[in-house]
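**Student:** 54 is the number that this note's numbering gives to position 54 of the sequence shown; each next residue is one higher, with no gaps. Take this structure, written in structure tokens, and hold onto it; I'll ask about it next.
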Amino acid sequence: MFEEINFAKPQYLAFLNSLLDDNGFVRLDNGEIVKRHKNFRFFATMNIGYYGTKELNQALFNWFGAVLEIAALSDEAISHMLIARVPSCKNVVDKILSVYHKIKKKIEAENLDIVISPRNLEYWARLAKYEGYIKSCGKNNYTRCKM
Numbered sequence: 001m002f003e004e005i006n007f008a009k010p011q012y013l014a015f016l017n018s019l020l021d022d023n024g025f026v027r028l029d030n031g032e033i034v035k036r037h038k039n040f041r042f043f044a045t046m047n048i049g050y051y052g053t054k055e056l057n058q059a060l061f062n063w064f065g066a067v068l069e070i071a072a073l074s075d076e077a078i079s080h081m082l083i084a085r086v087p088s089c090k091n092v093v094d095k096i097l098s099v100y101h102k103i104k105k106k107i108e109a110e111n112l113d114i115v116i117s118p119r120n121l122e123y124w125a126r127l128a129k130y131e132g133y134i135k136s137c138g139k140n141n142y143t144r145c146k147m
């Protein structure tokens, strides 16, 4: 499993071509050859469009037999996740989602190189337990969005 493969530097990904090739091996710096196991499987994840990511080299991309694009989580799924992880946010989860959508719209409208995800909402909800929602909103640079 190679998580967020498109964050890796291309020179570090080059070895994957020989590993995934029919011969299936890698040569270590000391010259030792390590052959791929017969049951070897390779999985990778990537976040497209995030700051610092790159497009995959076409030769490497061609090794993937299946590419799945996972849709964004629904508001219902995000609500369930937030309430499960931060139960104290249950009464304000709709407001949290409202701010989330305002921020996403602003990012898209202004083509900003910023990402906001449900993970950010969880951090905000956790911080808010101690600071209060409005105060913690400012600490997370969400000050332009009103609840």
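Glycine is no exception: its CB is placed at the ideal position from the N, C-alpha and C atoms. Note that the structure is predicted; figures quoted are calculated from it, not measured.
Please give me, in chain order, every unbroken run of the alpha helix (DSSP H) with length at least 4 that falls completely inside the region 73–105.
**Tutor:** As for any alpha helix (DSSP H) of minimum length 4 sitting wholly inside the region 73–105, the runs are 75–85, ordered along the chain.
**Student:** With which residues is PHE2 paired in a DSSP beta bridge?
**Tutor:** Here PHE2 is bridged, per DSSP, to ALA44.
**Student:** Please say whether ILE96 and LYS177 have beta carbons closer to each other than 8 Å?
**Tutor:** No statement about residue 177 is possible, as the shown extent of the chain runs from 1 to 147 and does not include it.
**Student:** Can you tell me whether DSSP reads ARG27 as helix, strand or coil?
**Tutor:** strand
**Student:** Let's see if you can read the secondary structure: which residues bound the alpha helix (DSSP H) around LEU16?
**Tutor:** 10–20
**Student:** How would you write the range of the alpha helix (DSSP H) that ALA71 sits in, first residue to last?
**Tutor:** ALA71: not part of any alpha helix (DSSP H); DSSP gives it neither H nor E.
**Student:** When every heavy atom of the ligand GTP is checked, does at least one fall within less than 7 Å of the C-beta of SER79?
**Tutor:** In the structure shown, the ligand GTP is absent, as is every other ligand, since no ligand is present at all.
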